[in-house]
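Protein chains in written order, with this note's numbering: chain A, -3 to 307; chain B, -3 to 307.
Even for Gly, the Cβ is constructed at its ideal location relative to N, Cα and C.
There are 2 protein chains.
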Amino acid sequence: MKKIFGVDLGGTTVKMGLFDENGEVIEKWEIITRKEEGGKLILPDIAGSIKSKMAEKSIAKEDVIGVGIGVPGPVDGKGVVYKCVNLGWGVFSVKDTLSELLDGIRVEAGNDANVAALGEMWKGGGQGHSNMVAVTLGTGVGGGIIIDGKILTGCTGAGGEIGHIHVRDGETDSCGCGNKGCLEQYASATGVNRLTRRRLAKDNKPSSLRGKDINAKVVWDAVKEGDELAIEVAEEFGEYLGKGLASVAGVVNPEVFVIGGGVSKAGDILIKYMKPHYESNVFHGSRDCKFALATLGNDAGIFGAAKLVIE
Amino acid sequence: MKKIFGVDLGGTTVKMGLFDENGEVIEKWEIITRKEEGGKLILPDIAGSIKSKMAEKSIAKEDVIGVGIGVPGPVDGKGVVYKCVNLGWGVFSVKDTLSELLDGIRVEAGNDANVAALGEMWKGGGQGHSNMVAVTLGTGVGGGIIIDGKILTGCTGAGGEIGHIHVRDGETDSCGCGNKGCLEQYASATGVNRLTRRRLAKDNKPSSLRGKDINAKVVWDAVKEGDELAIEVAEEFGEYLGKGLASVAGVVNPEVFVIGGGVSKAGDILIKYMKPHYESNVFHGSRDCKFALATLGNDAGIFGAAKLVIE
Chain A
-3 MKKIFGVDLG
7 GTTVKMGLFD
17 ENGEVIEKWE
27 IITRKEEGGK
37 LILPDIAGSI
47 KSKMAEKSIA
57 KEDVIGVGIG
67 VPGPVDGKGV
77 VYKCVNLGWG
87 VFSVKDTLSE
97 LLDGIRVEAG
107 NDANVAALGE
117 MWKGGGQGHS
127 NMVAVTLGTG
137 VGGGIIIDGK
147 ILTGCTGAGG
157 EIGHIHVRDG
167 ETDSCGCGNK
177 GCLEQYASAT
187 GVNRLTRRRL
197 AKDNKPSSLR
207 GKDINAKVVW
217 DAVKEGDELA
227 IEVAEEFGEY
237 LGKGLASVAG
247 VVNPEVFVIG
257 GGVSKAGDIL
267 IKYMKPHYES
277 NVFHGSRDCK
287 FALATLGNDA
297 GIFGAAKLVI
307 E
Chain B
-3 MKKIFGVDLG
7 GTTVKMGLFD
17 ENGEVIEKWE
27 IITRKEEGGK
37 LILPDIAGSI
47 KSKMAEKSIA
57 KEDVIGVGIG
67 VPGPVDGKGV
77 VYKCVNLGWG
87 VFSVKDTLSE
97 LLDGIRVEAG
107 NDANVAALGE
117 MWKGGGQGHS
127 NMVAVTLGTG
137 VGGGIIIDGK
147 ILTGCTGAGG
157 EIGHIHVRDG
167 ETDSCGCGNK
177 GCLEQYASAT
187 GVNRLTRRRL
197 AKDNKPSSLR
207 GKDINAKVVW
217 DAVKEGDELA
227 IEVAEEFGEY
237 LGKGLASVAG
247 VVNPEVFVIG
257 GGVSKAGDIL
267 IKYMKPHYES
277 NVFHGSRDCK
287 FALATLGNDA
297 GIFGAAKLVI
307 E
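Written out as structure tokens, the structure reads:
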């Protein structure tokens, strides 16, 4: 059976997976991301690791359908990356460079968030759907949009950057992007901290959160225990997330939103607080859209990368 | 040279165009939309008109590449319409029904706003681009999204319904869709009236608009004449439109927005008032997006419909 390699290039480690053509994982491993010298060691390291694995498993070049790779920066439809600040990379074709290092094996490249979305569609929370929006609630808020089974890349690779949709008028803090009132300012891990900090400062309402180190897990745990102040935070979180996803649905009318990332570990309760606000802000044609949780966790990237080379 | 028919089905008239395979218009005409009997006369009327034109011009069936049609309701990727309230239509395949009436000539169908967007991409304000958002500022606010040269239909045909993106917190009036704070409530013809009426009622500031019948043209004319109150209205209009389009860009990252519809007849001045608000709300990856005015007017529909059958 033919083989595929899926590569998820992160700022610290490169996750790699060997798949058969049905998408079954044969093996997973990681290598270190060597960022020195402007990141020019990274692709040769990846190619070297793939070649070693091929030798180890006696996989001939002809038996490799291709190598897919997700990278942490904007990538256009032709596999050209437009700067990865984290890696020290400028503008060049990841697709062509890596293919050359692999003696001509076919390579396809995409943005890591988009590629992870593709993975969730293929083997995760979005299985059975081909029009889907993946939402990652982590350190920031990322997104990946899949239309008819393909990534919506956008003209400069900024398709699906839904963390920077405006959801709140009158915000005084600035987002990392420079704007004010972005979804990411409320629905990310730091966003939950911001909402909690503000709520705690507002008055002296008792709460189990007072005096604690605040993070998303602590807040959601308090919500589950019925802490009233934490519930107010969850309501506000749900309002901004619901409003933001309603805007996204108004544009692309997906079948399903698949929600992942650290903040989503709270589970279905997050959807419970978000959904009423989604419904009251969304165009009726998208009101029945489904919501699911991501299921692949950190493996979404290697699955999606493998899917890049399968039609 | 082979021929194509483009049909733009409206609530009052059906606009029709005969095109050559290069997209040059050979002839345009209209027939009445007969809505009686639940709209069941409409497609036979259209088929009859096409057959008459073929006979008149001695066009053989083999010389017709196909017939494209835009209809005023949600249409899925397979040419099935999900209710056209205006026409009395329920759910059925426009594509198959019209093709049967035309003795098997190929038919493709789409939503009218999406099809008009395709027309503007092909021969109008979006020429040269394949990733584009068309924005129609008319009685309502409509949209059509083109990704890689194809219409983004959405899973229930509600893709590109950008008029119902939330752009204002705290709105008290309800939009036609039932929500509050939709872009359409400010950026449509009635939206301009709403903003003007509210501004006039706020205080006694003198304005040439006082005592006049308000419509979008009157307001934009006053803006051009330097009327301070009208300029305040234009600023607010620009804020909501800019914010809404920034959200759209955050999702699909288009190369260009093409703005049309009655309200856009004001011309470039509309873009001037919108753009600063777009820029201050959009993710930086989409900040350099272009803005253009639609150029095909009422013909966008027949052009886009023709394009539906050309690869």
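Bridge partner(s) assigned by DSSP for residue i
i	result
B/E23	B/L14
A/A130	A/G140 and A/V254
A/E104	A/G64
B/I28	B/T9
A/V71	A/V77
Whole-number beta carbon distance between residue j and residue i, since they are thought to touch under 8 Å
i	j	result
B/E221	B/S204	7 Å
A/F287	A/I267	5 Å
B/V77	B/V90	5 Å
A/V129	A/P272	That belief does not hold up - the Cβ atoms of A/V129 and A/P272 are roughly 19 Å apart, past 8 Å.
B/A302	B/F233	B/A302 to B/F233, Cβ: 34 Å. No contact.
A/P68	A/D108	5 Å
A/I61	A/K(-1)	7 Å
A/L191	A/R206	No, A/L191 and A/R206 are not in contact; Cβ-Cβ is about 15 Å, not under 8 Å.
A/G256	A/T132	5 Å
B/G6	B/G13	Contact flag wrong, Cβ pair sits at about 14 Å.
B/H162	A/S243	6 Å
B/T135	B/A212	Actually they do not touch by this definition, with Cβ atoms about 11 Å apart.
B/E26	B/T9	5 Å
A/L83	A/V63	Not quite, the Cβ-Cβ distance comes to about 18 Å (not below 8 Å), so this is no contact.
A/I165	A/G177	The identity of residue 165 of chain A in the sequence shown is Asp, whereas the question assumes Ile. A/D165 to A/G177, Cβ: 6 Å. Contact.
Cα-Cα separation, residue i to residue j
i	j	result
A/M50	A/K74	26 Å
B/L289	B/D264	8 Å
A/I55	A/L98	13 Å
A/G312	B/V219	Since the first residue shown for chain A is -3 and the last is 307, residue 312 of chain A is missing from the structure and cannot be characterised.
A/E33	A/G100	25 Å
A/G281	B/E157	9 Å
A/Y236	A/L225	17 Å
B/V254	B/Q123	10 Å
B/A154	A/L39	42 Å
B/G240	B/I227	20 Å
B/K198	A/N277	28 Å
A/N200	B/F279	37 Å
B/G121	B/G115	9 Å
B/G246	A/S170	17 Å
A/V229	A/M(-3)	51 Å
B/N189	B/Y274	22 Å
A/L304	B/G293	40 Å
Under the three-state DSSP convention, the category residue i falls into
i	result
A/G238	helix
B/I306	coil
B/A112	helix
B/T9	strand
B/D4	strand
A/S89	strand
A/K201	coil
A/A290	coil
B/V76	strand
A/V278	coil
A/K(-1)	strand
A/K146	strand
B/N82	helix
B/S45	helix
A/L94	helix
B/H273	helix
B/S243	helix
A/I298	helix
B/G35	helix
B/A262	helix
B/I267	helix
B/L59	According to the sequence provided, residue 59 of chain B is Asp. The question's Leu does not apply to it. The answer is helix: DSSP assigns B/D59 an H, G or I state.
A/K119	helix
Closer than 8 Å to chain D by CB, residue i
i	result
A/G134	Of the chains in the structure shown, none is chain D; the protein chains are A and B.
Please specify which runs of the alpha helix (DSSP H), each continuous and at least 4 residues long, are wholly inside the stretch 148 to 209 of chain A, giving them in chain order. 180 to 183 and 185 to 198
### Query
Whole beta strand (DSSP E) runs in the stretch 214 to 238 of chain A with 3 or more residues, listed along the chain?
none
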